[in-house]
Structure formats: structure tokens, C-alpha cells
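Positions in the sequence shown are counted from 1; adding 148 to them yields my numbering.
Just so it is clear, CB atoms sit at the ideal spot from N, CA and C, and this is done for glycine as well.
What follows is one structure encoded as C-alpha cells, with my remarks underneath.
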Amino acid sequence: MDQFTNFTRKVSANLTPFAEKVGTNFSQLRQIATEKMSNSAIITELPREYVETENRFEPVKHIHADLVRLARKYALDEGNVDFNKLQNQFIEITSSIGEKITNLASQNPQQQNTQNQTQNAYKPLNVTIQHQLASACISNSEIVGASLYKFGSTYEKIGDFRVKMNHDILENCINLLQGEFTSNIELAQKSRKDVQGARLALDALKSSLKGASSSKQAATAIEIEKAEEVFIIAVQDSMKHMKFVLGSPIIIESLRNFAAAQLEYFKESQSLLETLVTELEEIKLTQDALYYSEVDHH
149 MDQFTNFTRK
159 VSANLTPFAE
169 KVGTNFSQLR
179 QIATEKMSNS
189 AIITELPREY
199 VETENRFEPV
209 KHIHADLVRL
219 ARKYALDEGN
229 VDFNKLQNQF
239 IEITSSIGEK
249 ITNLASQNPQ
259 QQNTQNQTQN
269 AYKPLNVTIQ
279 HQLASACISN
289 SEIVGASLYK
299 FGSTYEKIGD
309 FRVKMNHDIL
319 ENCINLLQGE
329 FTSNIELAQK
339 SRKDVQGARL
349 ALDALKSSLK
359 GASSSKQAAT
369 AIEIEKAEEV
379 FIIAVQDSMK
389 HMKFVLGSPI
399 IIESLRNFAA
409 AQLEYFKESQ
419 SLLETLVTEL
429 EEIKLTQDAL
439 YYSEVDHH
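This is the structure:
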């Protein structure tokens, strides 16, 4: 008998919170329906400061989501980079830059060509449009000559810098936005839902007071006082979480890091391209002289 009594007590203890939750949700849903269908429904007004804070928080929430989405798209470089492999590719490429330069400096053209063919057999998937352009030029450099090889080599380096920029954006912008800051936004968003739930529960009780019998009015009034306290606490808690997000420097820091990564990439690319243009101009002048000399002989 004692075992049966303990069992029923445990079942009752488990069912009571569930029943209360179902009852609360039903009351809130009924209140929502009443507010939509009736112009005279009781709706507790939210504090002005809370509404103003919400109006400031909402755009920041959307800006955060847009920045993460666009930064990911930018860093993925037209979908050629696997997001999960980006860091490994960056380490692999940068570690081979010094080795490439050393090998090219110590080998004659025939050895360089053999080495390039060997490396191409193990070369990972081209990770940027610059790497693809470099591969196309270097693999066909024998046909056009030194100019195409120089062009391809330069764009391979630019591609390496692009991968570094992608990595920097991943580490210093996207990860920064998706870390603790995202958790803070989610916490603030949850607190807003808690305010909405507390407000609906309060107004549902206020509505029930109208049709309550005299014997139940006193008990309902006490429940309303408790619901008002819950509502006030929920509003204060939500404002605290939203203001914490609004005061955070994370978005500004992420934008700064994004711009800094781009600046480094464009500066390095400019330096490489200036050298390339000068070298190609010299090759062109030499080719012009040879070409027109042949034409004159004909």
C-alpha cells in the first residue's frame, strides 16, 4: 500500500507542473485570440522605455544576421572554399610559399618545369578565382612564354593572400560575431518572449476577473498582483539583456577587422600587380622590337 501511495505521489508531482504549463499556454492562446477578435480586449501597455529599447534592439539583431551571412559569402569566394577546410588550406598554402621561392631560385627552367608538374599532381583544389587563373596560365606557359608564367605566378600569390584574407575574416569577424555575442542576442530575444508571455498571462487574469463570481474575485485579484510582479521582473530582465547587446562593441570591432583584412589583401595585391605590369611592359617592348624587325625583313 505504501509503495502504491508513493507511486501516486510521484506521478502527481510530475503531472502538476505539466498541467500548470498546459493551463498557462491555453490561457495565453485564448488571450491572443481575444485581442485579435475584440477591440475592447484588455491589453497591458508596455513601459515606454522598454518599447524604445526594443525598437533599437531589433535593427541590431537584423544587422548582426546580415553581417554574418554576407561575411561568410564574401570569405567563401564564390563557393570555391569549403568553410570547414579553410583554415587547413590556409596553413598548407602559406607553409609552402617559402619552399616554392627557394626551389625556383635554385633550379634551372627545365628543373622548374619538372618540379611544377610534380607539384600539380598533389596540388589541392583551386581555392580562389585567382588560383584558378594562375593554374590556367602556369600550365600553358610554354606556349606563350615568360609573360604568361609571370602572370600566373603573380596571381597564384594573390590567391594565397586572398586565402589569408578569407582566414582573417573567418577568425576575426565571423567567429567574433557568432560567439558570445550571438548567445547574448539569443538570450535577449528569449527574454522578449518571456515579457510577451508574462503580459498575456496577466491580461488573461484581468479578463477573467470581469466574469468571476464574488467568491472568486479576491483569489483572482491576488493572482493578478503576482502576475504583475512577474511581468515587471520580466520587463526589467529583458531590458537588461537588450541594453547589454546594444552597448557591445562587437559589431564595430568585426567591421574594423573585416576592413583591415581587406586592406592587407589589396595592399599586397597592388604591390604584386605593379611589379607584374612593369615586367610585362618590358617583355612587350622586347617582343615588339623582335616582331617589327621580322616584319621589316619580309
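Reduced DSSP category for E193 - H, G, I as helix; E, B as strand; rest coil: Along the sequence shown, one-based indexing puts residue 193 at 45. In this structure, E193 counts as coil in the three-state DSSP scheme.
Roughly how many angstroms separate the alpha carbons of L324 and S386, rounded to a whole number? Against the sequence shown, residue 324 aligns to sequence position 176. Against the sequence shown, residue 386 aligns to sequence position 238. One C-alpha to the other measures close to 23 Å.
Taking a contact to mean a Cβ-Cβ separation below 9 Å, would you say S301 touches I431 in this structure? The residue given as residue 301 occupies position 153 in the sequence shown. The residue given as residue 431 occupies position 283 in the sequence shown. Taking 9 Å as the Cβ cut-off, S301 and I431 do not qualify as a contacting pair.
Can you grab the Cα-Cα spacing for the pair S417 / F406, in whole Å? Here residue 417 is taken as the residue at index 269 of the sequence shown, counted from 1. Here residue 406 is taken as the residue at index 258 of the sequence shown, counted from 1. Looking at the two C-alpha atoms, the distance is approximately 17 Å.
Looking only at its chain, what residues have a beta carbon closer than 8 Å to the beta carbon of T423, apart from the 5 residues adjacent to it on each side? The sequence position of residue 423 within the sequence shown is 275, counting from 1. These residues qualify, in order along the chain: T302.
Once you ignore the five residues that flank H279 on each side, which residues in its own chain have a CB closer than 6 Å to its CB? By 1-based counting over the sequence shown, the position of residue 279 is 131. Cβ neighbours of H279 beyond the five flanking positions: G307.
Enumerate in chain order the residues of its own chain whose CB-to-CB distance from R340 is below 6 Å, with the five nearest sequence positions on each side excluded. Your numbering for residue 340 matches position 192 in the sequence shown. Correct list, in chain order: S386.
What did DSSP end up calling P207 once you bin it into helix, strand or coil? Counting from one through the sequence shown, the residue named residue 207 turns up at place 59. Correct three-state label for P207: helix.
Just to confirm before moving on: does the CB-CB distance between A352 and V383 stay below 9 Å? As a working note, residue 352 is residue 204 in the sequence shown. As a working note, residue 383 is residue 235 in the sequence shown. No, the pair does not count as a contact, with Cβ atoms beyond the cut-off.
Between F414 and E193, what straight-line distance do the alpha-carbon atoms span, to the nearest angstrom? Start at 1 with the first residue of the sequence shown, and residue 414 comes out as number 266. Start at 1 with the first residue of the sequence shown, and residue 193 comes out as number 45. C-alpha separation (whole angstroms): 53 Å.
Environment of E197 [buried if 16+ CB atoms lie within 10 Å]: Start at 1 with the first residue of the sequence shown, and residue 197 comes out as number 49. Answer is exposed; the Cβ neighbour count stays below 16.
Which residues bound the alpha helix (DSSP H) around S356? Against the sequence shown, residue 356 aligns to sequence position 208. That run of the alpha helix (DSSP H) goes E328 to K358.
Across the region 324-338 and the region 201-217, are there enough close Cβ pairs to call them in contact, namely three or more that are closer than 8 Å? yes
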